[in-house]
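J.: What follows is a structure written as structure tokens; I'll ask about it next.
In this note's numbering, the protein residues as written are 30 to 154.
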């Protein structure tokens, strides 16, 4: 999801979760929501936890001043690594485009190039 500049991440959580499309499954009905959500301390707000529980999503959010966020590391490193790959694309490092559609198009193009590079690297091995 794309949010405006200078918007705290916690304010973008609800629209992001609402925008998750149904997930296809091999058996049974489509899943409409994730079972749990992992997040760092930036999302530690009671109203977000309550909102997630009303949607039957288990929040796995580190608490400020209580828990260490290192336990989330095994889930977060995949996201951080992917963001690092996208940060390697100069066009996406800073947001030059004024329209969200253009930014999404360049992001899709960058993801395609990253996947292509990763797949061709595997073929060479």
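Glycine included, every Cβ here is placed at the ideal spot set by N, Cα and C.
How about residue 73 and residue 86: do their beta carbons lie closer than 7 angstroms?
T.: no
J.: Give the straight-line distance between the Cα atoms of residue 44 and residue 80, rounded to the nearest whole angstrom.
T.: Each residue's alpha carbon lies about 12 angstroms from the other.
J.: Expressed to the nearest angstrom, what Euclidean distance is found between the alpha-carbon atoms of residue 147 and residue 138?
T.: 14 angstroms
J.: Can you grab the Cα-Cα spacing for the pair residue 49 / residue 151, in whole Å?
T.: 30 angstroms
J.: Give a yes or no on whether the C-beta atoms belonging to residue 119 and residue 135 are separated by under 7 angstroms.
T.: No; because the gap between Cβ atoms is not below 7 angstroms, this pair is not in contact.
J.: Quick one: residues in its chain with C-beta nearer than 8 angstroms to the C-beta of residue 64, no 5 flanking neighbours on either side, listed in chain order?
T.: Only 86, 87 meet the Cβ criterion.
J.: Per DSSP, which residues does residue 88 bridge with? Please list them.
T.: 66
J.: Kindly list the residues whose CB is nearer than 8 angstroms to the CB of residue 39, restricted to its own chain and excluding five residues on each side of it in sequence; keep chain order.
T.: 71, 72, 74, 77
J.: Return helix, strand or coil for residue 120, following the three-state DSSP convention.
T.: Assigned with DSSP and collapsed to three states, residue 120 falls in helix.
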